[in-house]
Each structure stands twice: as structure tokens, then as C-alpha cells.
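In the numbering used here, the protein residues as written are 1 to 654.
Idealized CB from N, CA, C, for every residue including glycine.
What follows is a set of notes on a single structure, which appears directly below.
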Amino acid sequence: MSVIDEIKARIDIVDLVSETVQLRRTGKNYSGFCPFHPNQRTPAFAVFSDSGTWRCFGQCNEGGDIFKFMMKKEGWEFPEAMRYLAERAGVQLHVPTEQEKVEAEEHENLRNLLEGAVTFYRHQLFNTPAGKLALDYLQQKRNLTIETLETFGIGYAPGSWDAALNFFNAKGYSTADLVAVGLVTEREPGKNPVGVIQKADVYDRFRHRVMFPIRDEKGRIAGFGARILNPEDIPKFLNSPQTPLFDKSRLLYGLDLARRAIRTLDQAVIVEGYLDVIALHQAGFSNVVSPMGTALTEQQLFLLKRYSKRIVLALDPDAAGNQATLRGLQIARQAMDHEQDPIFDARGLLGYEARLQADIRVTTLPLGLDPDEVVGRDPKEWERIIAEARPVVIHVMEALSADRNLDDPKVKNQIAAQVLPLINDVPSAIERDTYLQRLARLLRVSERALQEIATSSRRPRPSGHRPVRKPAEQLLAPAQIPAAISSYSLEAYCLGILLRRPDLLYQVDRRMQNGRLPRLSPEDFLHADHQAILRVFQESVEQDMAEPLNFVLNSLSLAMMELADNMLDRTAKLDPQDERVIEDLMRGLLTLRRRRIDQELEYRRFLIVEAQEAGDLKATQDAQTVVKLAKVRRFIDEALKEYTSRSTTGVRQQ
Ligand SMILES: [Zn+2]
């Protein structure tokens, strides 16, 4: 008899299922309402005691044995269901090693200590004068009921340096144990060998704060989140440190209480704060969880996905909008002064979505309102906000274009430059096309133009990973620039030349003017990072404090440095002293400029057609602009001809 057979023989499926589903005898079998899909009218769920199996004949149209039932009910993989049922059946799966036994005992001991801390902080909240202040805050300012506070095990850490320390020492826990679970902090970490930490060397980590116990999805205590009461205290939120039990990248606040609702509603909602989770649960929206004040991790989404693949991020509007914008400019998130770290990273989310095959959507809260204020005002409003959630790409498009002048070609270019890389990341061709259509309509440019930019704008991976070093690109020899070269590469190449020869900037400007063209400007580049770098170049030649190259390297941020590095790579095979290098550069810059003009021409023509269709047959202003642009384009073409007709440069073929 296999272990599986033995477990099945020892557990009666009717007993097991009855704990979740109210079963009634139907002939020799049993029936009830399916626990896996919402329906209280048809009892579509059947249990066959003879074969030890179950089946839903309704929406799920699915069935199996006791293992499958536990997997579906708990969102477990087979091994977890096996472990659980084996223990329940009293079947030994494998004999744990000595080390595993010791470790399991230690964890058990630490969890007991943390459970003790939940009780300790809870007592402080409900039964002490100092806790009364916190209790008033939670009840009056946050409108939380006693029942809610108890469900979530909320407590209060007194404003003392040693209250928890003394309490748990007196209970027989060692100071080392208290350090291990993060209840106390060492004054000088590493001063004492592990296990013999002196009481005098530590102090209570949580002082005068509201305490939120954080549990894993099975309800096992892992650590605490703590929020200030005194507005002057910092930080506003403080979590347990990383401990053997607390790994915040693998935990979601409230999941132990939310997982049933998430499965029943087939939707999980992620909000930014602990108090948001609690308020929404109190209002009857129990499918809500929150990360621990960090960007969402793949492990967290993986956890959620066991219960539902449909995930909605409900974001604070500032965060959602600014982060979409800032991310595009690759500004480090540390620079942002936000209550918690952002949980929104469009590009990261798209990657997770594809890998986990989940459906991730984004919605924003009304400006200035917390979720508890929204549900307090009208629970229907919360339902509406969630129903309005949109795919990540659409959300970014809308956040970027809100309050912008979409008639301005530069604004269009900026938005396209930020959204196209996201669209490129979407694995489904159909979805990609849909987003391109939306973007074309939003920016009022033709889809074809966007398609072309889209296929040529695959950019190096953003911050975090070091870009893969490419061999130097042979962009410009022979003297024709292939149409397929992306603007991104071309811009980077031109900047790479300037990085080696900043003095060429003067020559470029003189040559532009000779060709009746305006001098080089950051606006000649589509990509914001490149614009910033060119600005630094221009400053570098206008100062005389340092060598231009040193000035540039000193002025660039770390993220930009990486780009600059990459640019130097691209032009590694170039001999910067070869005077013909300027011709390469001019060809590149003129090509970039012409692409911009073509883009604007196309847009203006689009506007004229639109105006004519609407009855304005003249559309004079746009017509005039078209004439002007066409003239500039002619100058560019003339200049380009001059550079392409000459022999090519010293750039060697590979
Ligand atoms: Zn069902």
C-alpha cells in the first residue's frame, strides 16, 4: 500500500469535505453548494463516498480526490496537501533529520514567543492608560470596531525601552531569542557572539506604536508591522527585521484572512497600507491584502495566484501617476518621499504578469482619500473603483497623458517613448496591437508610425540589471543609415561620439547653422535619459573648471553612468581623432532630426484630414506648419546628401 493509498484509506472524504461544505445525503452520495464558485441556488457539488471523490457540475466543472480538494481549497501544490493530510491521517511521510528537528523546534519556540508578544501588545492596548490613547486613535480616527481590532490582533507597544525585554525575560525567554525574532534591537550588532547577548546591550525595537501582527497565509505569526502615534516619530512605519520567520518579500499582510474571499470572488485587491486592509475587511471587502511597504515581489504575486489569477492594484493617485512618470526617467525610488515605498513598477509587473500568467490591473483612488474614507462614504464607490481597474499599460498611458497638452508633438514623443517599451514587453501579439491602437488614438498619430517605432525601440533592460554589453555597433559605415536602426541606438551612438570628443559640439552647431538649421538641442533626442546627458555635455564645454570628459562623468548620476558606459562601448572601435568622425556624427544627428520632422508632419496631416472631415476645409494653421516643416525637411535632406555623398569614415567593418 502506497503512502497515498494509506492516507486515503484513513481519511473519509465526507468528513473532510463536511468541514467546509454543508453536505446532504442524496441517494448513496452527498451534495451541497460548491465552495469554489459563488452560487447559492444550485447545489452543483457532489461527493461520492464509494470512490472517495468529488465533483462540481457547475461553473468549475472539476473534481478529484481528497488531495485535489485540499489543493483547491487552500491553493496548495500537491506536496503541501500531502503533508497536511498525512499529518491528519497520522501517516509518517519521512523521518526528519536531527537538524530538521532542531530547526523545527527552534522555529516553534520563536513562534510561541511572537504569539506571546501579540498577547502582550494586545493587553497594553486594551488594559493600560497609555494604550487608551492608541485605542482612541483606532476607534475614533480610524473608525475601527473592537471586533475588527480583535480579528486582526492589533496591539500597542508602550513607549518604554525595556518593557517587552523585561516581560519576556521574566517569562524565561533569553535575550538572544528576543533578538532572533526582532522584538529587541542590539545597540552594537555583532558585539556579542550569537546566543550570549547581554540584556544591557539591547532595547525594545517597538516603542509607542500601534502593532500589527503579520501572519503567513496559513495564519502562522511571522513578525510585526508598527505604525507611529506621535506624528513626529520616524519612521512612520517600522517592520520586524529580516528573521528566520519574517521575510517580507514572501508575505502579504492580511492574506490569512483574505484568502477565502479571494478564492470565492476570484479576485485579489492590493492596497498600500495595513490600515487600508483592515478598514476594507471591516466594510465587508475581505479580498484585500497589502505588501509590507515594498515594491510587489514575484513571490508575493505567486502566493496570491494560488487563490486567484485576477489581481487588482488600488493605488494612491499621486503614487500611481508620479511613479509611472518617474520610472520612465529611471529615477531611483529612494528619492521619493512617500509614506511607504511604491508598490507600483509597471515594467516589473508586466514581467510577473507574463511569467505567472496572471491578469494584473491597476485602479486609482480618488485624490486625497484613503480606502477607509471611500468605503465610509459609500461602499458602492469602492466597488466602482475596483470595477474600473485597467491593464497596466493602459493605466500608464492614462497616467502619463493626464493634464498634458497632447497637441504638442514633444509631449507625444515623450509619452510614446515611455509607453512603447512597455508595449514591447507584452508577450501577446493581440494585446500589443490593441495597446498600439489605443496609444495611436490617444496621441493622434497613425498606427503605422507607432508600429515602426515600436519594433525599433527595444531598449536595453532598465536599471537593476547591468545592460548586456554589445559589441560596438557599426551604424554609420557605409554612409547610409539603415531605416531600421532604432532612434534609441542612434541617439546613443551620437552621444558616444560626443562623449569621446565633446569639442565636436561646436563644429556640429556651426555646420547646422551653415545648413540653415537650428543648433543641436536636447529636443533633438527622443529619450529623456539621452536629453539629460546631452545637457551635461553642453555644460561641460561651457565651463573651464575640469576636463570636459571628467566634468561629464562627475555630473552624471549612477544610472546615467551606466548608460554612458554603454555609449562608450558602442563607439569603442572609433578613432576619435579621425577628423571624419564629425561626418558620422552629423549624419546621425540629421537623421534623428529628420525622423522627428517626419513624425510631426504625419501628425499635422492627420489633423488637417480630421479638420476637413469635421467641415473645416482650410485648417490654416496646420497647413502653414506643414509648409514650414516641409521646408526644414528639405534643408535636412540637402545637408544629409552632402555627408552621404562623401566617402565613409575610419569606422572599420567588423
Ligand atoms: Zn464549482
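For residue i, is the beta carbon positioned less than 8 Å from some heavy atom of ligand 1?
i: Q92; result: no
i: H281; result: no
i: A44; result: yes
i: F69; result: no
i: G58; result: yes
i: F655; result: The chain is shown only over 1 to 654; residue 655 falls outside these bounds and no answer can be derived.
i: E74; result: no
i: F431; result: Inspection of the sequence shows that residue 431 is occupied by Glu rather than by Phe. Because no heavy atom of ligand 1 lies under 8 Å away, the Cβ of E431 does not count as near it: no.
i: N657; result: Given that the chain is displayed from residue 1 to residue 654, the structure contains no residue 657 and the question cannot be resolved.
i: N192; result: no
i: N39; result: yes
i: E62; result: yes
Would you call residue i buried or exposed, if buried means 16 or more other Cβ atoms sit within 10 Å of its Cβ?
i: H94; result: exposed
i: I533; result: buried
i: D403; result: exposed
i: G588; result: buried
i: R220; result: exposed
i: R187; result: exposed
i: P366; result: exposed
i: V627; result: exposed
i: R466; result: Annotation note: pLDDT 35 at R466 (below 50); position unreliable, coordinate value reported separately. Exposed, since its Cβ has fewer than 16 Cβ neighbours within 10 Å.
i: D15; result: exposed
i: E339; result: Confidence is the limiting factor: at E339 the pLDDT is only 38, short of 50, which leaves the residue's position unreliable, though a coordinate-based value still follows. Under this definition E339 is an exposed residue.
i: E77; result: exposed
i: M545; result: exposed
i: A332; result: Here A332 scores only 29 on pLDDT, less than 50, and its place in the model should not be relied on; the value that follows carries that caveat. The residue is exposed, with fewer than 16 neighbouring Cβ atoms inside 10 Å.
i: H107; result: exposed
i: Y506; result: exposed
i: K171; result: exposed
i: L255; result: buried
Residue i by DSSP, collapsed to three states: which one?
i: W161; result: coil
i: R205; result: coil
i: R441; result: helix
i: W382; result: helix
i: F285; result: coil
i: I7; result: helix
i: L476; result: Confidence at L476 is low in this model, with a pLDDT of 40, below 50, so its placement is unreliable and the value that follows should be read with caution. Three-state result, L476: coil.
i: F57; result: coil
i: N230; result: coil
i: M545; result: coil
i: G32; result: strand
i: N550; result: helix
i: R676; result: What is shown of the chain runs 1 to 654, which leaves residue 676 out entirely.
i: D366; result: The displayed chain sequence assigns Pro, not Asp, to residue 366. Here P366 sits in coil by DSSP.
i: A402; result: coil
i: M567; result: helix
i: V181; result: coil
i: R519; result: coil
i: S290; result: strand
i: S2; result: coil
Taking 9 Å as the threshold (C-beta atoms), are residue j and residue i in contact?
i: V536; j: S555; result: yes
i: D345; j: K309; result: no
i: C56; j: F45; result: yes
i: H281; j: L257; result: yes
i: P391; j: W382; result: no
i: A222; j: L251; result: yes
i: A295; j: G368; result: no
i: R205; j: L238; result: yes
i: Y121; j: L135; result: no
i: L350; j: V393; result: yes
i: I415; j: L436; result: no
i: V210; j: I146; result: no
i: F224; j: P213; result: yes
i: G515; j: T571; result: no
i: L23; j: A117; result: no
i: G131; j: Q124; result: yes
i: A89; j: I13; result: no
i: V632; j: L499; result: no
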